[in-house]
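Take my numbering: the final residue in the sequence shown is number 298, and no numbers are missing along the way. Backbone N, C-alpha and C define an ideal beta-carbon position, used for all residues, glycine too. Structure, as structure tokens:
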Amino acid sequence: MQDFPPLQCVHTFEVLARLMSYHLAIKELDIGRVEINSQIQLLERELSVRLFERAQPLTLTPDGQRFFKVATVAFDAFRKAMIEFRESQSAWRLQIRAAVTFSNCWLAPKLTEFHAGNPAVQVVLDAHADHVGLPGVSVDAEICFAPSARTDLCCDKIFRNLVTPVCAPAYLVSHPALTHGEAATLRDCTLLRTLTRPTDWPDWLRAAGISDFNLTNTLTYESSLVALRAAKRGHGIAIVTLAMVARELSVGELVAPCALTLDKGDAAYYLTYSPSKLTMPGFAAFRDWLLSQQRCT
């Protein structure tokens with residue numbers, strides 16, 4: 002006799018003894034009645050005992066009852082271990098939903114930096130429109146352009162939202178008045194606006210001391226990402242969050258024709274999440290890294 006009975010036979014016995022129904026056991030095990038009986042008989046031979054009474058209805062023998070208690074403890078331990086292993090793995094896998102502009106211009110390029118310092122954490126990034134909803138069961142957190150009004154959620158401002166006009170170097174050359182760096186020279190330029198952030202241009206112009214600016218020579222796009230792409234192609238001047246274009250400005254792909262930057266205050270990008278997520282080691286590492294970027298931006 003083997004030192005340990007076949008595990009599949011023990012599992013079949015545990016299911017049949019727990020359900021006390023061939024019909025339900027067949028559904029759970031996905032095998033036929035003949036196969037169930039064959040495995041039970043094999044187990045009985047291995048144990049040299051009878052586990053079920055052969056009469057109807059289905060009944061455990063005293064030996065069957067004792068073995069069922071042992072099998073129940075064992076399989077409960079297996080199930081608990083499986084749950085713990087799965088939870089342990091999911092604690093290092095993050096579902097992050099983020100605004101499309103933030104995802105494309107800032108987060109996606111920096112994820113390699115985060116992964117280098119946190120190789121065990123897998124971030125699944127889901128990019129949505131600039132104004133996205135609140136966290137649901139399908140995501141661990143959201144990054145959106147507004148703080149949540151819900152008091153049961155945590156909201157961390159990722160960094161200050163400093164906005165400034167930017168354009169392609171070629172556009173600056175074709176509009177030489179811009180080289181003076183004065184906001185008034187924008188009157189002769191095409192301003193690129195967005196549906197998701199319609200107040201950025203009016204707020205910036207007001208901060209620049211221009212209250213009578215006629216916003217007629219404009220092109221309007223769905224998001225800041227699309228407006229930024231149009232600016233790179235020389236279609237006009239976009240107004241964007243500085244952090245979104247830090248690389249482009251540093252390499253000369255874009256230029257900032259005016260020195261003024263406007264702090265939009267609470268109108269910024271926020272990490273929104275349930276407080277319970279802080280117990281996930283993967284999320285805690287991601288949040289700490291994200292907030293540390295405030296010192297670098």
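Item, Value
"Is the beta carbon of Leu255 closer than 8 Å to that of Val164?", "no"
"Do Leu229 and Val246 have their beta-carbon atoms positioned less than 8 Å apart in this structure?", "yes"
"Going by the DSSP bridge assignment, what does Leu61 pair with across the sheet?", "Phe53"
"If you run the structure through DSSP and keep just helix, strand and coil, what is Tyr274?", "strand"
"Could you check the C-alpha separation between Pro282 and Trp202 for me, to the nearest Å?", "41 Å"
"Around the C-beta of Val35, are 16 or more other C-beta atoms found within 10 angstroms, so that it is buried, or is it exposed?", "exposed"
"Which full runs of the alpha helix (DSSP H) of 4+ residues lie inside the segment 190-278, going along the chain?", "201-208, 225-233 and 247-252"
"For Val11, which residues of its own chain have a beta-carbon under 7 Å away from its beta-carbon, when the five flanking residues on both sides are left out?", "Leu44 and Ala72"
"Ala128 and Asn105: beta carbons closer than 8 Å?", "yes"
"My assumption, with CB atoms under 8 Å, is that Val124 sits in contact with Phe287. Please give the rounded CB distance.", "7 Å"
"Where does His24 fall in DSSP's three states?", "helix"
"Straight-line CA distance for Met21 to Phe69?", "12 Å"
"On the CB-based measure, 16 or more other CB atoms within 10 Å of its CB, does Ile84 come out buried or exposed?", "exposed"
"Closer than 8 Å is the cut-off here; do at least three beta carbon pairs connect the segment 75-82 with the segment 37-52?", "no"
"Please report the straight-line C-alpha distance between Glu249 and Trp107, rounded to a whole angstrom.", "11 Å"
"Are the segment 206-222 and the segment 183-196 touching by the rule of at least three beta carbon pairs closer than 8 Å?", "yes"
"Would Leu173 be called buried (16 or more neighbouring beta carbons within 10 Å of its own) or exposed?", "buried"
"Look up Asp131 in the DSSP assignment and say whether it is helix, strand or coil.", "Residue placement at Asp131 is poorly supported in this model, since its pLDDT is 49, which falls under 50; the coordinates still yield a value, given next. Three-state result, Asp131: coil."
"Please state if the CB of Ile144 and the CB of Val279 are separated by a distance shorter than 8 Å.", "The question names Val, yet the displayed sequence has Leu at residue 279. Contact: no."
"Mapping DSSP to helix, strand and coil, what is Ile32?", "coil"
"From the DSSP output, in three-state form, read off Thr152 for me.", "coil"
"Go to Thr113, then tell me how far its alpha helix (DSSP H) extends in each direction, as first and last residue.", "Ala109 to Gly118"
"Is it the case that the Cβ atoms of Asp64 and Val74 are separated by a distance below 8 Å?", "no"
"In its own chain, which residues sit with a C-beta less than 6 Å from the C-beta of Ala231, not counting the 5 before and 5 after it?", "Leu193"
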